[in-house]
Structures are given as C-alpha cells and as structure tokens.
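Residue numbers (full-length UniProt numbering), protein chains in the order written: chain A, 1 to 233; chain B, 1 to 233.
One structure is given here, and the rest of the page talks about it.
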C-alpha cells in the first residue's frame, strides 16, 4: 500500500522551493504533523542543517514540521516511526552513498511499502527506481552500489530535457544517454520533465503535472505519456 | 617521458571526426604506422568494430592504420607493443568498467609514462586524470572503481559548458557540479571546452586550441587559463 509522490524537481522556474507542489502536499500529508527529511543529497554541498531549514520553511506554510534524519541517533527507528518522509534533491551519488553508509535502504523500502506517505524530488525521486543508473548527476563519490529502492518497476530520469534544437554542443543529448543505457540494461526509464510528478497509490502509478513524460523501453521507440494517464511498463 | 594529447572532444561542430586535430596528430604520431584504438566507451552503444572503423577513416587521411584493442587476444601485450594509442569518447563508466575487466589500467599507465604517443578524446581524456569523478556521463554501468590513470595531477571535465544565461532549467550547472565535487574531494578539475586540448610532454602540460579553460581548485574561485599557457596545479 504505497503512497508516494515522485517529482522531477523541487522547484520550477520562477517560484519558490516546493511552491508548485504545496496544494498536492497538503492532501498527500493530511494529518501528518511532522515529516522526517532526508538531507543526504546536499545540493551545492550545503550542510544537513541548512538543507533541513529550507525544507522546514516550505512545509511550515502548510503547518507541517520538518526534522532532519541526521538529527536522529537511530535512523532506522526514525524512519519506522515517521508519519511522513521527504527526500530532497542534490547529488544522487552522495545520497545513495549515505543511504548505504547508514544501512537504511531496506528500512526505507519497508516503510514506503507499508504506506508511510513519501515525497521525493530529483535525487530523492531517482532512488525510488530500480537503480540510480539514469541520474544526471556527477559521480563525485563512489557509492557501494547503484541499486536503489525499487518501489516502482522502472527508473526515473529527473529534470528530463528535450534535445536542444540548433545546439552546437557535441556532448550527448539526454535521449542518447538513455538509449546507451538500454544497450546494457533492460529496465524502462521515464523521463520526467520539471513540473511533472508521479502519484503512486499501491501499485497504480499516475503521471501528474503540466507536461507529458517520455517513456524509454529497450529496443522500442520512446513514447510520450499524457498527464493523467497510468504509467504501465 | 609522457607524450599525450588530451582533448575535450573528438569532433567540433560543423566538421568531421577528428578533423580539427588532424594537423596536430600528424606531428604527434610522426613515424607511427599503426595505432591501437581503445573502443570500449562505445558512443551511442555502437559495436567495437563500427567504432574502430570511424577512427580508421579519420586516421587514414594522415596515412596511419588503426587496429582495435578488442581484436587482440593479449591486450596487455598489444598496449606494450603499440606505436601509438588512441582512446575514443563515449560512456566513461563503460570505458572504465572494461579497463578494469581486462585488467589493463596499470599496463596502459606504464606505457604512457614510458612515452608511447597517446590521444584521448572525451571519455578517453577523462581517464587520464586521477579519477573519473568529473565525467558528465550517465552511470549506465557500475565499474569496480572510479580510479583512473593519474597521468596528470588533476581531473578533466570534458565538453565543459558555461552556465546558460537566461535558462529556465533547474538542473545544476557544470560549475555547481564541480563545486559540489570539491566539498568531498581535493583534486583540481580542469573544465576543457570543445576545441581545446592539453599537450603533455613529460611533466609539462600546455593548454592548446581555440578557447580558454576553467580551472577549479578546492576553496578557491575558478580561474580562466589562456590557450598556450602551462597548466600548473
């Protein structure tokens, strides 16, 4: 009985942190007084305390308190007792590295499968997939494994970007990178554009937000999914 | 007595594969009849044979033959006997994965330090640094380590891109990513723009090509290096 929101980004252009999601979060975290925040992805390398303060400021506007997971001595217990959980974005390699370091992958997976309401943004969404092999992040640390939660049966490519028309840059497009992934892997990949998210209720996964999403499966042409449809892979 | 060319990209916009580098390569590989090509990065997931054919076509114009390392049963011996070596671009994770799989990291390092002329482009340049933690590539496979050749005392960020003015995309800029790297690591990073390369002669490293390069060191503001200067970190 999963109850998760898996968002491409925390912030859309021209608005404040989580602003575009707040109406959804108000319902999603109904009756939740305090959320446990996983700050391990450290965007821009900021401290856990500074990052938790940013999450706290956004959730305060819908009357929810935020406590950083780093503040708990027993992190497994903190997750097991959490009314709600939010994993923020940043660097997916460092996030996964810390998840392994604190040995909380299985605990987090168990509580999410048991229905604890969850929000992931960016790196916090990447970890909901089968593995982190479709992150855009730089491999600034070497995690013990790329395996992640597997709460959904595919991978996320957050901040999905369409090929830029007229670009003179010779680096690979996002689509080329995901196609390379499928030379070596079978797992489907959903390119989630900024402003899109997945609502996961039990095993039903629905695309939400203002854009279509691009679904890549091995040996097939990519397809566009309309907002509102169930994502079936 | 190193003798290496470490290039940001194989191809600049509007020209053919290696075209902009051919005059330089003619001198660099003077008296070399056959080059051993390392095709393991497989751009777009193409086969080793197809990739070797692309390299072959470019080098044929300067009368040099190309043989793929995958064609040799004994890869260490092939590297030890090579008159010249070229590692092409593609996916750095898969390149490094195969280098470990074939156990050739130390052999390649030894022959390069012994003076075998080398060309690296993109992923083939990333592996010349201390580690591959500044690649832009997607982690489509999990290599046994991120440690690379360490033929230069810093890391390369190939295809370096300046922040895009007026962008509405919320993903991190290249500079932000490299600054995050320096929260966790001390190794300097050189952002090499497409069209730039390093000429390494023994321990002297000179920036060449049509652009400045951006040098990032921990706890300092990034600086721009002019083409023609020695890179000292």
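For each residue, glycine too, the CB sits at the ideal point set by N, CA and C.
Quick caveat, the model's predicted, so the values are computed rather than measured.
Within chain A, the residues that residue i reaches when beta carbons sit closer than 9 Å
i: residue 165 of chain B; result: The contacting residues do not exist; residue 165 of chain B stays about 14 Å from chain A at best.
Backbone CA spacing between residue i and residue j [nearest angstrom]
i: residue 118 of chain A; j: residue 175 of chain A; result: 28 Å
i: residue 44 of chain A; j: residue 71 of chain B; result: 44 Å
i: residue 131 of chain B; j: residue 178 of chain B; result: 13 Å
i: residue 116 of chain B; j: residue 202 of chain B; result: 11 Å
i: residue 224 of chain A; j: residue 200 of chain A; result: 19 Å
i: residue 217 of chain B; j: residue 154 of chain B; result: 10 Å
i: residue 30 of chain B; j: residue 61 of chain B; result: 14 Å
i: residue 28 of chain B; j: residue 37 of chain B; result: 15 Å
i: residue 17 of chain A; j: residue 219 of chain A; result: 38 Å
i: residue 141 of chain B; j: residue 134 of chain A; result: 10 Å
i: residue 198 of chain A; j: residue 21 of chain A; result: 12 Å
i: residue 163 of chain A; j: residue 90 of chain B; result: 18 Å
i: residue 106 of chain A; j: residue 138 of chain B; result: 25 Å
i: residue 110 of chain A; j: residue 15 of chain A; result: 34 Å
i: residue 40 of chain B; j: residue 92 of chain B; result: 9 Å
i: residue 136 of chain A; j: residue 189 of chain A; result: 13 Å
i: residue 193 of chain B; j: residue 152 of chain A; result: 38 Å
i: residue 208 of chain A; j: residue 58 of chain A; result: 21 Å
i: residue 53 of chain A; j: residue 11 of chain A; result: 16 Å
i: residue 181 of chain B; j: residue 181 of chain A; result: 24 Å
Run of the alpha helix (DSSP H) containing residue i, from where it starts to where it stops
i: residue 111 of chain B; result: 105-113
i: residue 87 of chain A; result: It is not in any alpha helix (DSSP H) - residue 87 of chain A instead sits in the beta strand (DSSP E) that spans 84-87.
i: residue 124 of chain B; result: 123-126
i: residue 28 of chain A; result: 22-28
Residue i in three-state terms, based on DSSP
i: residue 59 of chain A; result: helix
i: residue 179 of chain A; result: helix
i: residue 75 of chain B; result: helix
i: residue 37 of chain B; result: strand
i: residue 228 of chain B; result: coil
i: residue 99 of chain A; result: helix
i: residue 67 of chain A; result: strand
i: residue 192 of chain A; result: coil
i: residue 223 of chain A; result: strand
i: residue 44 of chain A; result: helix
i: residue 118 of chain B; result: strand
i: residue 81 of chain B; result: helix
i: residue 131 of chain B; result: strand
Cβ-heavy atom distance, residue i to the ligand NAP, below 7 Å
i: residue 232 of chain A; result: Ligands displayed in this structure: none; no statement on the ligand NAP is therefore possible.
Cross-chain neighbours of residue i in chain A, by beta carbon under 7 Å
i: residue 141 of chain B; result: 184
i: residue 9 of chain B; result: 170
Interface residues of chain B facing residue i [CB-CB closer than 8 Å]
i: residue 159 of chain A; result: 169, 170, 171
i: residue 146 of chain A; result: 139, 142
Chain-ordered neighbours of residue i on chain A, where CB pairs are closer than 8 Å
i: residue 179 of chain B; result: 44, 45
i: residue 72 of chain B; result: Here the premise fails: no neighbours, minimum Cβ distance about 23 Å.
i: residue 12 of chain B; result: 170
Proximal residues of chain B, C-beta to C-beta of residue i below 7 Å
i: residue 91 of chain A; result: 180
i: residue 176 of chain A; result: 44
i: residue 134 of chain A; result: 138
Residue j beta carbon less than 8 Å from that of residue i
i: residue 2 of chain A; j: residue 108 of chain A; result: no
i: residue 13 of chain A; j: residue 170 of chain B; result: yes
i: residue 206 of chain B; j: residue 230 of chain B; result: yes
i: residue 125 of chain A; j: residue 156 of chain A; result: yes
i: residue 9 of chain B; j: residue 158 of chain B; result: yes
i: residue 211 of chain B; j: residue 195 of chain B; result: yes
i: residue 123 of chain B; j: residue 149 of chain B; result: no
i: residue 7 of chain A; j: residue 121 of chain A; result: yes
i: residue 35 of chain B; j: residue 64 of chain B; result: yes
i: residue 185 of chain A; j: residue 143 of chain A; result: no
i: residue 66 of chain A; j: residue 55 of chain A; result: yes
i: residue 24 of chain A; j: residue 5 of chain A; result: yes
i: residue 76 of chain A; j: residue 69 of chain A; result: no
i: residue 73 of chain B; j: residue 32 of chain B; result: no
i: residue 215 of chain A; j: residue 221 of chain A; result: no
Contact set between residue i and chain C, taken where Cβ atoms lie within less than 7 Å
i: residue 224 of chain A; result: The chain labelled as chain C is not found among the protein chains of the depicted structure, namely A and B.
Opening and closing residue of the beta strand (DSSP E) in which residue i lies
i: residue 2 of chain A; result: Run containing residue 2 of chain A: none; DSSP gives neither H nor E here.
i: residue 215 of chain B; result: 213-216
i: residue 207 of chain A; result: 204-209
i: residue 201 of chain A; result: 196-201
i: residue 156 of chain B; result: 155-157
Contact set between residue i and chain B, taken where Cβ atoms lie within less than 9 Å
i: residue 194 of chain A; result: 168, 169, 170, 171
i: residue 94 of chain A; result: 180, 183, 184
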